[in-house]
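Asker: After the structure tokens below, expect a handful of questions from me.
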Amino acid sequence: MKGSIIPACIVVVSLGAFSQAAPPVGGWIITSSPDFPGFTRVVVTQNAGTWIGKATTTWYGDMEMQDVRRDGDRLVFKLSNGNAAVPRTDIVLQKSGKGIRLTGKLWYQAFDITGQPATARQLKARDFPVYPLPAKRTVPQQNVAATPPMGWSSWNKFATQIDDKSIREIADALVASGLRDAGYVYVNIDDGWQGKRDRAGRLQPNANFPDMKALADYLHARGLKLGIYTSPGPKSCAGYEGSYGHVEQDARTFAEWGVDYIKYDLCSGEAFYQTADAVYGTYQQMGEALTAAGRPVVYSLCEYGRFDVGSWGRAVGGHLWRTTGDIEDNYQTMSAIGFGRNGKPKYAGPNGWNDPDMLEVGNGGMSTEEYRSHLSLWALLAAPLILGNDVRTMPADTLALLTNREIIAIDQDRAGVQGVLAQKNGDVEIWTKRLSEGAVAVGVFNRSSSERTVPVVWGDIDLSGVIKVRDLWAHSDGEGGAKRDVVVPGHGVVLLKVWR
Ligand code: GLA
């Protein structure tokens, strides 16, 4: 009733002033976005002083505006892609001419872009589809990873600078160097091979990979296997086409090409699948699709260890699951992952492995001692051994590290037990791994930068009664006894196999 006593002219003036100063309401199409996150549309409604809106992107689909507040004629809000490690920062929406201006930052990408008013039809044309996930089920595991997978992957050395020719050269080098015969049989093409979909929705490789089936044939003819990479989201981590909305079709395509190993990397899917159930569901969906496609395939889950993946990785048909974010070619990152983010040992065993990420051995960022620690630790952890260096040009000492059969045998031991920390004394850590036939691998690591002499007292690490000791890097045998003093270089390791 209060309103009725306000003179009409004042109401008009005040409404006009208010509407001029108000933040924009409506729908706009964006034509000038950076590729990441690929803004296509912004829609805002207002109701009783509450502002609700969403920004649509090619990477993450519809993103609800969060923590929306009015600041004069601007709306300030935040966007989240579902990755808790990405800081949510203020994004500002304001009028600009007949359209809008959107400024801010999402993850690493700053933007200052404009949008133009759009018809309902134009807005509708930018709808982003949402697909249901299957009802929760267990996917039977294929028996293709009785021991941790071994091979090579393009990512650590080449990132997206890859093509058919270099992959064939890598394959030839794996054979010629003896790496294949040492067990490294998977040749995994990581991110960067994807092209666009054809009219039937079938994913095509990009121009660098003219014929995937021919490439698979080339590898198979040499006793090697082909691995490929995709994402449950619309975009892979490097911005290539993902499997979103095409999961079953892509699994069939990979089977037709002759693919033997799939790495399924969450990437932009993290915006769509944010809960434990949803992440399970999306990995289950690909697991079922791979089974239905009918070709034996190793299934590698890459969701950075979220939601205790080791506890359910096998249940979606997975054979290995990343336990961490990405490795880097330096001792600090490698050791932080290897000693501390390697997954729970109880989940590891035949056909299911904690994956602390691919090897960096030979990429130049670590010393030989550090690379020896890297390999020894991965072997003790029963980790997949996926090489990440340029095996076409590696020096002899790198090849010698990678083909040390005694180290590989620790990793590949058929009992499939993941090693554990047995003793820690400052920078010195002793890790043990139970092997089949009663032997035990013992890694004595020195995480400091200067040499240490370490007395390894067998009784202190639950190994009394040692009768024989073999040094797996020195290739020398020794007697048992109550203890053994080992000299460990800075950032180095002494890896022993002991019998009782
Ligand atoms: C993520 C993965 C990496 C690699 C890249 C490719 O970062 O964790 O291993 O596959 O994507 O873009």
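Numbering (numbering that gives the first Met the number 0), first residue to last: 0 to 499. Note that CB positions come from ideal geometry on N, CA and C, so glycine has one too. Since we're looking at a predicted model, the values are computed, not measured.
Taking Cβ to Cβ, would you say residue 504 is nearer than 8 Å to residue 450?
Answerer: Since the first residue shown for the chain is 0 and the last is 499, residue 504 is missing from the structure and cannot be characterised.
Asker: If you draw a straight line from the alpha carbon of residue 11 to that of residue 20, how long is it in whole angstroms?
Answerer: Residue placement at residue 11 cannot be trusted, given a pLDDT of 38 that sits under 50; the coordinates are not used to answer.
Asker: Can you give me the C-alpha to C-alpha distance between residue 299 and residue 46, rounded to a whole angstrom?
Answerer: C-alpha separation (whole angstroms): 47 Å.
Asker: Are residue 185 and residue 232 close, meaning C-beta to C-beta below 8 Å?
Answerer: No. Outside cutoff.
Asker: Please classify residue 452 as buried or exposed, where buried requires at least 16 neighbouring CB atoms within 10 angstroms.
Answerer: The residue is exposed, with fewer than 16 neighbouring Cβ atoms inside 10 Å.
Asker: Any idea which residues DSSP pairs residue 45 with across the strands?
Answerer: 50.
Asker: Under three-state DSSP, which class holds residue 6?
Answerer: With a pLDDT of only 40 at residue 6, under 50, the local geometry of the prediction cannot be trusted, and the value read off the model is given with reservation. It is coil, neither helix nor strand.
Asker: Is the beta carbon of residue 138 less than 8 Å from the beta carbon of residue 274?
Answerer: No.
Asker: Say yes only if the C-beta of residue 503 is nearer than 7 Å to one or more non-hydrogen atoms of the ligand GLA, and no if none qualify.
Answerer: Summary: the structure shown does not reach residue 503, with the chain confined to residues 0 through 499, and so no result is reported for it.
Asker: Residue 462 by DSSP, collapsed to three states: which one?
Answerer: In this structure, residue 462 counts as coil in the three-state DSSP scheme.
Asker: According to DSSP, what are the bridge partners of residue 444?
Answerer: Looking at the DSSP assignment, residue 444 forms a beta bridge with 428, 492.
Asker: With a 10 Å radius around its C-beta and 16 neighbouring C-beta atoms as the bar for buried, classify residue 378 as buried or exposed.
Answerer: Residue 378 is buried by the Cβ-count criterion.
Asker: Taking residue 85 as the reference, which of 106, 281, 454 has the closest Cα?
Answerer: Out of 106, 281, 454, 106 has the C-alpha closest to the C-alpha of residue 85.
Asker: How is the alpha helix (DSSP H) around residue 155 delimited, first residue to last?
Answerer: Here the alpha helix (DSSP H) through residue 155 covers 154-157.
Asker: Shortest alpha-carbon distance to residue 307 belongs to which of 333, 346, 58, 77?
Answerer: Closest by alpha carbon: 346.
Asker: With distances taken between CB atoms, is the gap from residue 342 to residue 309 smaller than 8 Å?
Answerer: Yes, the pair counts as a contact, with Cβ atoms nearer than the cut-off.
Asker: Starting from the Cα of residue 327, find the closest Cα among 356, 311, 338, 317 and give me that residue.
Answerer: Checked all of 356, 311, 338, 317; the closest Cα to residue 327 is 356.
Asker: What residue range does the alpha helix (DSSP H) around residue 377 cover?
Answerer: Run containing residue 377: 367-379, per the alpha helix (DSSP H) assignment.
Asker: Assuming residue 415 and residue 349 form a contact by the criterion Cβ under 8 Å, report the distance between their Cβ atoms to the nearest whole angstrom.
Answerer: Confirmed, about 5 Å.
Asker: So, with DSSP's three-state summary, where would you put residue 192?
Answerer: Coil at residue 192, not helix or strand.
Asker: Who are residue 301's beta bridge partners in DSSP?
Answerer: Per DSSP, 264.
Asker: Using only the alpha-carbon positions, how far apart do residue 258 and residue 111 sit?
Answerer: Distance between the alpha carbons of residue 258 and residue 111: 42 Å.
Asker: Any chance the stretch 431-444 sits against the stretch 210-228, with 3 or more Cβ pairs inside 8 Å?
Answerer: With the cut-off at 8 Å, the stretch 431-444 and the stretch 210-228 do not touch.
Asker: From this set, 466, 381, 252, which residue's C-alpha is nearest residue 433's C-alpha?
Answerer: The option with the nearest alpha carbon to residue 433 is 381.
Asker: Between residue 202 and residue 240, is the Cβ-Cβ spacing less than 8 Å?
Answerer: Yes, the pair counts as a contact, with Cβ atoms nearer than the cut-off.
Asker: Provide the residue(s) that pair with residue 185 in DSSP beta bridges, ordered along the chain.
Answerer: Its beta-bridge partners are 150, 224.
Asker: Give me the residue from 271, 78, 94 with the minimum Cα distance to residue 71.
Answerer: Checking every option, the nearest Cα to that of residue 71 belongs to 94.
Asker: Taking DSSP as the reference, what is the three-state secondary structure of residue 116?
Answerer: Strand at residue 116.
Asker: Do the stretch 419-433 and the stretch 382-390 meet, that is, are 3 or more Cβ pairs less than 8 Å apart?
Answerer: With the cut-off at 8 Å, the stretch 419-433 and the stretch 382-390 do not touch.
Asker: How about residue 228: is its Cβ closer than 7 Å to a heavy atom in the ligand GLA?
Answerer: Yes, Cβ of residue 228 sits closer than 7 Å to a heavy atom of the ligand GLA.
Asker: Within a Cβ cutoff of 8 Å, which residues of the same chain sit near residue 206, ignoring the five residues on either side of it in sequence?
Answerer: Taken in chain order, the residues that qualify are 194.
Asker: Taking 8 Å as the threshold (C-beta atoms), are residue 318 and residue 144 in contact?
Answerer: Cβ distance < 8 Å, so residue 144 and residue 318 count as in contact.
Asker: I believe residue 322 touches residue 304 by the beta-carbon criterion, under 8 Å. Please report the beta-carbon distance rounded to the nearest angstrom.
Answerer: About 4 Å separates the two Cβ atoms, so the contact holds.
Asker: On the three-state DSSP scale, how would you describe residue 454?
Answerer: Here residue 454 sits in strand by DSSP.
Asker: Would you mind giving the Cβ-Cβ distance between residue 280 and residue 133, rounded to the nearest angstrom? I have them listed as a contact below 8 Å.
Answerer: Right, the Cβ-Cβ distance comes to about 6 Å (below 8 Å), so this counts as a contact.
Asker: If contacts are defined as beta-carbon pairs under 8 Å, then residue 38 and residue 51 qualify, I think. What distance do you get, rounded to the angstrom?
Answerer: The pair is not a contact, with the Cβ atoms about 18 Å apart (cut-off 8 Å).
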